[in-house]
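Here the structure is laid out as structure tokens; the discussion comes afterwards.
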Amino acid sequence: MSIAELTADERDALVTTHPKWTLSREGKAIDRTIQFADFNEAFGFMTRVALIADKHDHHPEWFNVYNKVEITLTTHDAGGLSVRDVAMAAAIDAMVP
Ligand code: HBI
192 MSIAELTADE RDALVTTHPK WTLSREGKAI DRTIQFADFN EAFGFMTRVA LIADKHDHHP
252 EWFNVYNKVE ITLTTHDAGG LSVRDVAMAA AIDAMVP
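Heads up: the sequence shown is residues 192 to 288, going by the numbering used here.
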């Protein structure tokens, strides 16, 4: 399913409204790294995000080691950032204790 890539203005607005995220991949993605108390907390967060990602049909690229979770959001179908990434960034931010 094709979906529009964000404009440069929309991309800049994204990092302003979601300051915990940083642009990466030359503006084609956004990243956030979160440290939790321990692995149990980190994996519980990942479990919650996984269920929301499936509901959104929009899945993060992520890496976890012990209590750290590194998340990247991009929209493969748009070849960059889309409104789906904005929605998922907001949903993820709401799930961080
Ligand atoms: N997740 N991040 C991301 N980007 C996508 O383009 C994407 C996805 N999850 C599912 C999905 N696309 C499907 O809708 C398409 O592959 C059909």
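C-beta: ideal position from N, C-alpha, C; glycine also.
Is residue i near ligand 1 - that is, is its Cβ less than 8 Å away from at least one heavy atom of it?
{"i": "E252", "result": "yes"}
{"i": "L205", "result": "no"}
{"i": "D222", "result": "no"}
{"i": "H209", "result": "no"}
{"i": "A269", "result": "yes"}
{"i": "D284", "result": "no"}
If distances are taken between C-alpha atoms only, which option among the options comes closest to residue i?
{"i": "R216", "options": "R202, D245, A195", "result": "R202"}
{"i": "A199", "options": "Q226, N231, A220, D229", "result": "A220"}
{"i": "I243", "options": "D284, T224, L197, F254", "result": "D284"}
{"i": "H250", "options": "H209, W212, A280, N231", "result": "A280"}
{"i": "I262", "options": "E252, G270, D268", "result": "E252"}
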